[in-house]
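These notes are about the structure you will find just below.
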Amino acid sequence: MLSATDNELLTQVSAGTPMGDLIRRYWIPAVFSSEVEADGTPHRTRLFGEDLLVVRLTSGAVATMTPYCPHRTASLYFGRNEEEGLRCAYHGWKFAADGTCMDMPSEPPESNFKDKVTLKTYCTLERNGVIWTYMGPEQDSPPPLPNIEWNMVPESHCYLTKRIAQNNYFQTIEGEIDSSHSGFLHSNFVDPFRLESKQEQGMIYKMRDRHPRFQVKDTDYGVLIGARRNAEEDTYYWRITQYMFPFHTIIPPYGADPLFSGHAYIPMDDHHVLALCFTYNPVRPLTEKELDFLKFGPGNGQQGLHPTVDGFLPPMANRPENAWWPKHHIDNDFNVDWERQKTVQFSGLPGTWPQDSGMQETMGRVTNRTMEHLGISDTGIIRTRRALLRAAKLLRDYDIEPESVWDPDVYYIRSAAVVLPRESEWVEASLEYRTPKENVNYAAV
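All letters in the sequence shown, in the order written, are residues 1227 to 1671 by our numbering.
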């Protein structure tokens, strides 16, 4: 059970809070390159309680800035994006990517006032179809981008989506690192003993053994979480999840030529999270069949891990990330199908992400963890809470940053799903499967 004080520390992400200050030390992958075009409309987003605009200037460079003109605080969203700057529509003040005022036509020509006014901006970088923003204190010399594999592979190898969830970011992280729920929440009424495809052997083990034994290990980048299930008489099936500071996850794959998936659960504010979902193959482009499944789901109105292309509400003006608000949400009970619950699915919720989000949003915008009763299967959640709280307190009390802020290579890792001899030590024995390289043999899992 988490204390009320630690629950508050864990969930509050605005500037000046311990967790907000910690998370701002890391780069944030909030916007896709495809969402902004040169001299085009600014993209509205919200990060850690701050409304922001992301714009692509005439040269193609990308900038992240506050939407409020420092003259009279009118919105720069309506500004003219032209000639390498954003010009306010109210009085024509124009600002460059670094926040300097390029022009102040409403002031007398002899005035030097424009040299005294700046717009708040943040460091911005672009890599493989993703725009990253850094909101930390070292704006002149920020840390390097993390070498996280889904954003290191070519764009053809990776599929990306976003969606908004109406709850605190850490509820979504806890849901992802909880390997015990999938045998219930995501299950259908299929006898696992009748599944014959070797590609689904891991699913058979998971369905047969619904009470995994957890082991966890603190790492330089976060927490390594192993969920052990009985496989054969002399083996265990291990599903190994990665939690990486401050909000990245990689969930275990299936099959011999696996696609790796996970999320960056980016806090928009205390009550909303931007769930960036990725699926990638590290060594080849995604096939048309794989892309069709990722875009359109399994059919019958069901969602997969990614929202389907038709799974969103019509964009609403003056709302951040307005293209990514899903049509299944707390205000319509996620369109639960009670008849389907009786006959086909354990939950009746329409697919993987609505099942997860349906549980997380019903906890409340910020869940009250003082009411919880955690069990052995919550070991990974407990350790992850402790790791993140410890990092926030070290920064607050001693100005000590986590090593992962400045070491991008600690992120160059994978999750794993592997069958191991019962006598083996899982961390060491699974290392080759968690190390990015092309010649790993996944055929056994």
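All C-beta atoms in this analysis are idealised placements derived from N, C-alpha and C, irrespective of residue type, glycine included.
Do residue i and residue j have their C-beta atoms closer together than 8 angstroms?
{"i": "LYS1432", "j": "GLY1409", "result": "yes"}
{"i": "THR1344", "j": "GLY1325", "result": "yes"}
{"i": "GLN1392", "j": "HIS1555", "result": "yes"}
{"i": "THR1398", "j": "TYR1491", "result": "yes"}
{"i": "PRO1255", "j": "TRP1632", "result": "no"}
{"i": "PHE1471", "j": "THR1237", "result": "no"}
{"i": "GLU1402", "j": "HIS1497", "result": "no"}
{"i": "GLU1664", "j": "VAL1509", "result": "yes"}
{"i": "VAL1281", "j": "ILE1357", "result": "no"}
{"i": "PRO1493", "j": "ARG1389", "result": "no"}
{"i": "VAL1535", "j": "PHE1519", "result": "no"}
{"i": "SER1656", "j": "TRP1376", "result": "no"}
{"i": "ASN1406", "j": "SER1603", "result": "A small correction: the amino acid at residue 1406 is Ser; Asn does not occupy that position in the sequence shown. Their beta carbons are under 8 angstroms apart, which means SER1406 touches SER1603 by this criterion."}
{"i": "TYR1462", "j": "ALA1643", "result": "no"}
{"i": "GLY1362", "j": "ARG1250", "result": "yes"}
From residue i to residue j, what distance separates their C-alpha atoms?
{"i": "VAL1592", "j": "ASP1460", "result": "43 angstroms"}
{"i": "ILE1639", "j": "ILE1476", "result": "9 angstroms"}
{"i": "PHE1538", "j": "THR1347", "result": "30 angstroms"}
{"i": "ASN1414", "j": "VAL1653", "result": "31 angstroms"}
{"i": "THR1284", "j": "LEU1312", "result": "10 angstroms"}
{"i": "CYS1295", "j": "TYR1469", "result": "38 angstroms"}
{"i": "THR1578", "j": "ARG1434", "result": "20 angstroms"}
{"i": "LEU1235", "j": "GLY1246", "result": "9 angstroms"}
{"i": "VAL1645", "j": "ARG1455", "result": "9 angstroms"}
{"i": "VAL1257", "j": "ARG1439", "result": "37 angstroms"}
{"i": "HIS1412", "j": "ALA1315", "result": "50 angstroms"}
{"i": "LEU1248", "j": "PRO1334", "result": "44 angstroms"}
{"i": "LYS1515", "j": "LEU1485", "result": "13 angstroms"}
{"i": "ASP1495", "j": "LYS1340", "result": "32 angstroms"}
{"i": "LEU1273", "j": "LYS1619", "result": "21 angstroms"}
{"i": "GLU1547", "j": "GLU1458", "result": "47 angstroms"}
{"i": "SER1641", "j": "PRO1511", "result": "19 angstroms"}
{"i": "ILE1607", "j": "ASP1404", "result": "7 angstroms"}
{"i": "GLY1601", "j": "SER1583", "result": "21 angstroms"}
{"i": "PRO1244", "j": "MET1291", "result": "23 angstroms"}
{"i": "THR1387", "j": "GLU1627", "result": "30 angstroms"}
{"i": "PRO1634", "j": "LEU1450", "result": "17 angstroms"}
{"i": "THR1596", "j": "HIS1383", "result": "42 angstroms"}
{"i": "LYS1424", "j": "GLU1352", "result": "Residue placement at LYS1424 cannot be trusted, given a pLDDT of 44 that sits under 50; what the coordinates show is reported in the next sentence. Going by the C-alpha atoms only, they are around 40 angstroms apart."}
{"i": "TYR1637", "j": "ALA1323", "result": "29 angstroms"}
Quick check on residue i - is its C-beta less than 8 angstroms from some C-beta in chain D?
{"i": "GLU1627", "result": "In summary, chain D is missing from the structure at hand, where a single protein chain is found."}
Quick one: grab the DSSP three-state call for residue i.
{"i": "ILE1608", "result": "helix"}
{"i": "VAL1535", "result": "coil"}
{"i": "THR1467", "result": "strand"}
{"i": "LYS1568", "result": "helix"}
{"i": "PRO1634", "result": "helix"}
{"i": "SER1487", "result": "strand"}
{"i": "VAL1449", "result": "strand"}
{"i": "ARG1591", "result": "coil"}
{"i": "ALA1457", "result": "coil"}
{"i": "GLN1581", "result": "helix"}
{"i": "THR1661", "result": "coil"}
{"i": "THR1243", "result": "coil"}
{"i": "ARG1353", "result": "strand"}
{"i": "PHE1560", "result": "helix"}
{"i": "ALA1618", "result": "helix"}
{"i": "TYR1624", "result": "helix"}
{"i": "ALA1482", "result": "coil"}
{"i": "ILE1492", "result": "strand"}
{"i": "TRP1376", "result": "helix"}
{"i": "ALA1230", "result": "helix"}
{"i": "ILE1639", "result": "coil"}
{"i": "THR1267", "result": "coil"}
With a 10 Å radius around its C-beta and 16 neighbouring C-beta atoms as the bar for buried, classify residue i as buried or exposed.
{"i": "THR1661", "result": "exposed"}
{"i": "TYR1624", "result": "exposed"}
{"i": "HIS1599", "result": "exposed"}
{"i": "HIS1532", "result": "buried"}
{"i": "GLY1448", "result": "buried"}
{"i": "LYS1320", "result": "buried"}
{"i": "LEU1228", "result": "buried"}
{"i": "PHE1304", "result": "exposed"}
{"i": "LEU1502", "result": "buried"}
{"i": "ARG1616", "result": "exposed"}
{"i": "PHE1419", "result": "With a pLDDT of 48 at PHE1419, under the threshold of 50, the predicted position of this residue should be treated as unreliable, and no value is reported."}
{"i": "THR1588", "result": "exposed"}
{"i": "ALA1230", "result": "exposed"}
{"i": "GLU1261", "result": "buried"}
At a threshold of 7 angstroms, does residue i count as lining the ligand FAD (C-beta to nearest heavy atom)?
{"i": "ASN1544", "result": "The model depicted lacks the ligand FAD and carries no ligand whatsoever."}
* To do: For the stretch 1309-1339, list the beta strand (DSSP E) runs that are entirely contained and at least 3 residues long, ordered along the chain.
  => 1311-1313 and 1327-1329
* Return the chain-ordered ranges of every beta strand (DSSP E) run that is complete within the stretch 1273-1312 and spans a minimum of 3 residues. => If you keep only unbroken beta strand (DSSP E) runs of at least 3 residues inside the stretch 1273-1312, you get 1276-1282, 1288-1291 and 1306-1308.
* To do: Counting only runs of 4+ residues fully inside the stretch 1380-1447, write out the alpha helix (DSSP H) ranges in chain order.
  => 1395-1402, 1408-1411 and 1427-1434
* Asked: Fully enclosed by the stretch 1498-1528, which alpha helix (DSSP H) runs are 4 residues long or longer?
  -> Those alpha helix (DSSP H) runs which fall completely within the stretch 1498-1528 and span 4+ residues are 1514-1522.
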